[in-house]
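>
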RNA sequence: GCCCAGAUGGCGGAAUUGGUAGACGCGUCAGACUCAAAAUCUGGUAUCUUCACGGAUGUGCAGGUUCGAUUCCUGUUCUGGGCACCA
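In this note's numbering, the protein residues as written are 4 to 981.
Here's what the structure looks like:
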């Protein structure tokens, strides 16, 4: 009886399906455990072997927790809105809903192949109106809330209105705003004025922001679609354009997002990334008087974390896109400024930050140092971004590297305020220097001077203490079709929320996915839809136009973990009872690429829902495990680019492809003799094709490196026959220049796994060849789940062999059943319990690769002991269930068990079976291990010294000398210091 | 440019708290079984050196702390991820 994995896997997948083995109930006496995978986008390319890595890890953990007696929620669904589906629609005319559903069906089939324990009854899809109804509903909660700074929480906007009615704009607990009014004035405002003010406080609000505008395509492009400043498609120029946008006021939650990190188990690096993204800093805002030609700009406000360096300011830098630049420029500098502005407009933020080349222009205006009246030139440069701080900095070259380079480049004189700490060559950002050339700060330690200056600024009324955040409010709209419509109607320039009873506001079908006028989304082209709420009642009258932006990709994924708890609820996004039962996600598995996007947004949404009383916890994920990325290992062939001299009138199309094996290609490029030799070879090939054309000769050998499908390469050796059939026979007539041993060897490189690089490996093929159990275990065996590594299919045989070896402990091909009911002996029990301990520990700490090794060791040892005892094997099967559920269930049932192994109880480790009384200690002399001595575990230091000093090897190394010290660490090692 | 991570045999990796570097698997070499092959089994396999016993070197690179460093510290190189409209 052999291991027929295909039959076994099919049989049990069907069985589990029929018996609803993975159905999870919200009612259970067991403790709950919630395991979640990051929401997948159902891409048209389907799954490659990199995708299931995290799913297998979470599946193992879910099954493990189930064996440990938990009620485990492990759902799966689809983040189905997104750009690729829309792009596909533009190119192929297929409705995104149709292509998305096809992708989902394919995705699902691929997942099912691998045998996951998802409860598919709970599947969600963000593009389903029954789902996005609640995304819109939550948006309305954000729209109808403001952040009460005093309470540090979101509250209904009606509270704010009540405060305004009582106290006007001086109401306590609200953020500073440009609006200033009394309670009476507030009451007298018309609705439009009131709404305008409220918009400044809403957690979801409207503002203006810059987008990548491509005039030629008439559309707004994602950052992804802009490469080197031009559109990816067509290479058209891209400039920045201001458009009305929706935003989420995530900055109000900056401190809560920081504080929450202390209460959740994310890796330190992940917390660091989020902390850095939020970028909290403290310093001061300082107003400088401005002297400019036309005098329209009176002052310039800068933000600095180092007010102590105020006397080291040698120039100012203003973000070029700020409006004041226009008013500050002098007549003489106007042309240079305008040219520079045009340049900056074509630059993306990323390019500006990454730019090493220093650029900038003097505006012709000066700022006045408020303490000593010194005139400071005001420059503009792309390295200062409008979005951070006030968009203007005071540059202190002796203390800041960027400022220093800028000053050196433009020959701006540098004031040294830190004495010997500055060497004239490199800036020094120290806070430990004693200040010089600093007026009233002279002689003061810099770190002390910070406070002194801030106090002085506030006293003189020219500056304030200021906490700043690098994080900006999150842009929350897209000029696209395939996303959630906003439940907003515009009337006379005012945005009004739709009534909850009108949700969902469904996405209309469109004929064309091209953008509307002025960069608006495609919805703007459907007048019928935009006007469909004309009878809608707003407080300022009837009618209005629907918002034509749609929500971004992260809208639906910011709360999906809550919907899984109560996916069919038609009354609420998730009942409080369900969210109280499941609570936080206990284990969240996904890649680090979401470190600062999704993981911050969903944390914010959770906090808002918590503040408003809809859920009982304010952090969505208790523990996060980051899976590494599986990279592709690409293979290359080296193709000749024909270069022929002679008469030009020959038929190019007759030329065949010539492919050099890697070694030959290298040789040709590095060795002139080889080059000559292969020219002759090529000339012979040429003769074969053009027997009548002796005048044609190969001029030079140029070789291009071409990706080849990794699936037709065995290791590095190309399967030439398969290659000839590849790409519809493109290389059918190719000539191959092989290595001496007759092989064609490919080049290789580790790159991102992607279809275009022909380095994707499809899990379906591997499951078909080796089975899901082998595939699952092999993915885990590759290495730690958190680490990125290249995929290599080679080792999968080893894991498959392991499962066959396991099978042979139960059934022999010749003898049939070998398992028996004999009583286990001490050696066998020791193997089992060593295994229990290690599997339990390794699984708990997500060290799945070492767990697989442990299974291998156990099976090897049991094979050596010729142990086929049910007493031992049965326990082993339970432990193996999370990793290889199909074979475990099959053998479990063959052992005569009636219930499913999925519901067995994880074996209990017992110390007494593994207890040792002695240990073979490594003995080192001066830290170098020289021998090994076996000692009892309860031995004393004196006894150790006595025994060790009699050892022959030790005596040889001591060479008659007395050891200075004998270090004995119980259960570890012995070291003699000479 | 900024933030984060990683680097160990021919390859993937192990070493959980500073204590025998290379578990386990792949590959490879030798052997057994076989008419042969596959499958399976047994043994070897970091590098250099030695007939051998053994010795020396060795965890990206350069330093440091320690009786002892893959592990801690400082600097550095390369590779990967993110940088606000891919998801």
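Don't be surprised by glycine CBs; every beta carbon is placed ideally from N, CA and C.
In this text, all values refer to a predicted model and were calculated from it rather than measured experimentally.
(1) So, for residue 88: in the same chain, excluding its five sequence neighbours on each side, which residues have a beta-carbon less than 6 angstroms away from its beta-carbon?
(2) Figure out for me which residue from 478, 232, 640 has the closest Cα to the Cα of residue 739.
(3) Compare the Cα-Cα distances from residue 158 to each of 222, 146, 168 and report the closest residue.
(4) Can you tell me where the beta strand (DSSP E) with residue 209 in it begins and where it stops?
(5) Residues in its own chain within less than 6 angstroms of residue 503 by CB, not counting five upstream and five downstream?
(6) Just reading off the beta strand (DSSP E) that residue 708 is part of, what are its end residues?
(7) Quick one: residues in its chain with C-beta nearer than 7 angstroms to the C-beta of residue 622, no 5 flanking neighbours on either side, listed in chain order?
(8) Could you tell me which residues DSSP puts in a beta bridge with residue 500?
(9) Can at least three beta-carbon pairs, one atom from the stretch 286-295 and one from the stretch 462-474, be found at a separation below 8 angstroms?
(10) Determine the closest residue to residue 144 out of 281, 501, 800, with distance taken between C-alpha atoms.
(11) If you pair each beta-carbon of the stretch 762-769 with each one of the stretch 42-58, do three or more pairs fall below 8 angstroms?
(12) If you compare alpha carbons, which of 175, 356, 817 is closest to residue 5?
(13) Taking three-plus beta-carbon pairs below 8 angstroms as touching, is the stretch 310-324 in contact with the stretch 378-397?
(14) Tell me the DSSP secondary structure of residue 680 in three-state form.
(15) If you draw a straight line from the alpha carbon of residue 119 to that of residue 820, how long is it in whole angstroms?
(16) Jot down the residue ranges of each uninterrupted beta strand (DSSP E) in the stretch 298-333, minimum 3 residues, whole runs only, in chain order.
(17) Using only CA atoms, which one of 90, 483, 347, 62 lies nearest to residue 79?
(18) Are the beta-carbon atoms of residue 152 and residue 171 separated by less than 7 angstroms?
(19) Pairing CB atoms from the stretch 426-434 with CB atoms from the stretch 403-417, are three or more of them under 8 angstroms?
(20) What do you reckon, are the CB atoms on residue 260 and residue 207 nearer than 7 angstroms?
(21) Please name the residue or residues paired with residue 396 in a DSSP beta bridge.
(22) For residue 981, count the other beta carbons within 10 Å of its own beta carbon; 16 or more makes it buried, fewer makes it exposed. Which is it?
(23) From which residue to which residue does the beta strand (DSSP E) around residue 978 run?
(24) Quick test of your reading: residue 519 and residue 551, contact by CB under 8 angstroms. State the CB separation rounded to the nearest angstrom.
(25) For residue 287, does the three-state DSSP call read helix, strand or coil?
(26) Using the Cβ count rule (16 or more neighbours within 10 Å means buried), how would you classify residue 17?
(27) What's the gap between the Cα of residue 753 and the Cα of residue 638?
(28) Whole alpha helix (DSSP H) runs in the stretch 550-593 with 4 or more residues, listed along the chain?
(29) Between the Cα of residue 780 and the Cα atoms of 802, 571, 762, which residue gives the shortest distance?
(30) Between residue 195 and the rest of its own chain, which residues show a CB-CB distance below 8 angstroms, the 5 nearest in sequence each way excluded?
(31) Please name the residue, chosen from 160, 19, 635, that lies closest to residue 3 on a Cα-to-Cα basis.
(32) Please state whether the Cβ-Cβ distance between residue 364 and residue 339 is less than 7 angstroms.
(33) Could you work out which residue in 920, 44, 968, 938 is closest to residue 929 when comparing CA atoms only?
(34) Can you list, in chain order, the stretches of the alpha helix (DSSP H) that have 4 or more residues and sit fully within the stretch 844-895?
(35) Would you kindly work out how many angstroms separate the C-alpha atoms of residue 508 and residue 573, rounded to a whole number?
(36) Which two residues bound the contiguous beta strand (DSSP E) that contains residue 97?
According to the data block:
(1) 99, 102, 103, 485
(2) Comparing Cα-Cα distances from residue 739 to each of 478, 232, 640, the minimum goes to 640.
(3) 146
(4) Segment 207-217, the beta strand (DSSP E) holding residue 209.
(5) none
(6) 705-711
(7) 263, 266, 267, 587, 606, 609
(8) 491
(9) yes
(10) 501
(11) yes
(12) Comparing Cα positions, the closest option is 817.
(13) yes
(14) helix
(15) 30 angstroms
(16) As far as the stretch 298-333 is concerned, its whole beta strand (DSSP E) runs of at least 3 residues are 302-307, 318-321.
(17) 62
(18) no
(19) Remark: three or more beta-carbon pairs, one from each stretch, lie closer than 8 angstroms, so the stretch 426-434 and the stretch 403-417 are flagged as touching.
(20) no
(21) 320
(22) exposed
(23) Segment 976-980, the beta strand (DSSP E) holding residue 978.
(24) 6 angstroms
(25) strand
(26) An exposed status is given to residue 17, since fewer than 16 other beta-carbon atoms sit within 10 Å of its beta-carbon.
(27) For residue 753 and residue 638, the gap between their C-alpha atoms comes out near 9 angstroms.
(28) 557-560, 563-566, 579-585
(29) 802
(30) Within the same chain, residue 195 has close Cβ partners 495, 496, 497, 543.
(31) In the structure as shown, the chain starts at 4 and stops at 981, and residue 3 therefore has no counterpart that could be examined.
(32) yes
(33) 968
(34) 851-867, 873-883
(35) 15 angstroms
(36) Per DSSP, residue 97 belongs to no beta strand (DSSP E) and is neither H nor E.
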